[in-house]
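The sequence shown finishes on residue 238 if you use the numbering used here, and the numbering steps up by one all the way, no holes.
Following: one structure in structure tokens, then a few remarks.
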Amino acid sequence: MKERLKELWNFKIFRAAVFLHSFYFILAVILTLIFFRNQNDFIVFMKAGEIFMSDPRILYNQDNYLWDFRYLPLVAIFFIPFYLAGFDLGFVLFNTLSLVLNIYTSVLIYKIALFVRHSDHEKNDDRVILYTCFYLMGVPHVFNYILGQFNVPFIFVILLSLYILLKKNQLKWQLVAGILIGLSIIFKPISLALVPFLLIIQLNVKQKKIIFDFPRSFMRILGVLIPSSLN
8 MKERLKELWN FKIFRAAVFL HSFYFILAVI LTLIFFRNQN DFIVFMKAGE
58 IFMSDPRILY NQDNYLWDFR YLPLVAIFFI PFYLAGFDLG FVLFNTLSLV
108 LNIYTSVLIY KIALFVRHSD HEKNDDRVIL YTCFYLMGVP HVFNYILGQF
158 NVPFIFVILL SLYILLKKNQ LKWQLVAGIL IGLSIIFKPI SLALVPFLLI
208 IQLNVKQKKI IFDFPRSFMR ILGVLIPSSL N
């Protein structure tokens with residue numbers, strides 16, 4: 008790992024991405040803790056954690072929130088530790104978690120890109136490094152950090168699921184990938200749109216028939232249902 012980091016450090020774009028993303032993180036923490044304490048999504052998440060501890064039955068009473076809470080119940084459980092830590096420490100811990108997940112997300116982007124690129128593409132990984140750095144340099148990261156949004160864990164579990172589906176064919180790994188998609192649905196229900204793409208359907212043009220891989224498709228959908236049903 009150390010040798011690989013030394014190689015990457017030779018790329019100007021990589022150094023720029025590291026410095027810029029670090030700047031995003033530090034700037035967000037300073038701005039939020041000083042100026043935007045009462046104007047971010049993290050307050051809503053912390054409040055959901057507080058309410059879930061005291062009385063889960065009023066979790067969706069929107070009068071309790073600065074902005075509407077539109078997530079599934081298990082999200083509130085996730086934020087209980089951050090609520091117990093208090094706003095300042097909880098916000099820093101949550102953003103630190105997002106920072107770490109952004110690093111691992113970048114690694115996943117890099118590995119997935121190398122895996123799916125075509126054989127006639129260049130043999131080195133310069134362009135893959137470039138695109139991975141573009142992800143780290145993206146301006147939306149500033150808003151994710153300042154507002155304490157839940158986008159980074161959401162993207163991470165989706166990409167981790169995709170990486171597993173690309174690399175692992177065993178049924179147990181299909182189940183794990185499905186569970187990760189189920190978690191993404193808990194984080195943001197919009198990822199329900201991904202579920203139909205978990206079905207493995209192949210069209211054999213020569214034989215004029217459709218092949219449905221039932222075992223792997225079933226394990227994927229079962230995985231989705233396990234965390235989703237807990238809500």
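Positions of the beta carbon are idealized from the N, C-alpha and C atoms, including for glycine.
Small disclaimer: the values here were computed from a predicted structure and weren't measured.
Contact defined as beta carbons within less than 8 angstroms: I believe residue i pairs with residue j. What is the distance between those atoms, to the nearest angstrom?
i: Val149; j: Tyr31; result: 5 angstroms
i: Ala83; j: Ile58; result: 7 angstroms
i: Leu182; j: Leu143; result: About 31 angstroms separates the two Cβ atoms, so there is no contact after all.
i: Asn238; j: Ile165; result: So it is not a contact: roughly 18 angstroms between Cβ atoms.
How should residue i be labelled, buried or exposed, when 16 other C-beta atoms within 10 angstroms of its C-beta is the threshold for buried?
i: Gln69; result: exposed
i: Pro88; result: exposed
i: Ala23; result: exposed
i: Tyr138; result: exposed
i: Pro160; result: buried
i: Arg227; result: buried
i: Ile50; result: buried
i: Met236; result: In the sequence under discussion, the amino acid at residue 236 is Ser, which differs from the Met named in the question. Exposed is the call here.
i: Leu104; result: exposed
i: Leu12; result: exposed
Can the beta-carbon of residue i be found less than 7 angstroms from the beta-carbon of residue j?
i: Gly189; j: Pro234; result: yes
i: Leu206; j: Ser224; result: yes
i: Gly170; j: Ile119; result: Just to set this straight, residue 170 is Tyr in the shown sequence, not Gly. Yes.
i: Val135; j: Tyr111; result: no
i: Phe163; j: Leu108; result: yes
i: Asp48; j: Leu154; result: yes
i: Leu172; j: Ala184; result: yes
Roughly how many whole angstroms lie between the Cα atoms of residue i and residue j?
i: Val123; j: Leu187; result: 21 angstroms
i: Lys195; j: Tyr78; result: 7 angstroms
i: Leu7; j: Leu27; result: Here the chain covers residues 8 to 238 and nothing more, so residue 7 does not appear.
i: Tyr152; j: Asn102; result: 6 angstroms
i: Val99; j: Val36; result: 7 angstroms
i: Ala55; j: Leu96; result: 17 angstroms
i: Phe76; j: Gln46; result: 15 angstroms
i: Gln209; j: Phe219; result: 6 angstroms
i: Trp180; j: Ile41; result: 45 angstroms
i: Met53; j: Ser198; result: 23 angstroms
i: Pro63; j: Pro80; result: 8 angstroms
i: Gln156; j: Val25; result: 21 angstroms
i: Ile20; j: Met60; result: 45 angstroms
i: Asn211; j: Lys130; result: 32 angstroms
i: Leu167; j: Phe86; result: 22 angstroms
i: Phe17; j: Ser29; result: In the sequence on display, residue 17 carries Asn and not Phe. Their backbone Cα atoms lie some 18 angstroms apart in a straight line.
i: Pro203; j: Phe221; result: 13 angstroms
If you run the structure through DSSP and keep just helix, strand and coil, what is residue i?
i: Asn45; result: coil
i: Phe157; result: coil
i: Phe219; result: strand
i: Asn176; result: coil
i: Ile208; result: strand
i: Gln214; result: coil
i: Asn151; result: helix
i: Asp70; result: helix
i: Ser113; result: helix
i: Asp132; result: coil
i: Asn17; result: coil
i: Ser126; result: coil
i: Lys54; result: helix
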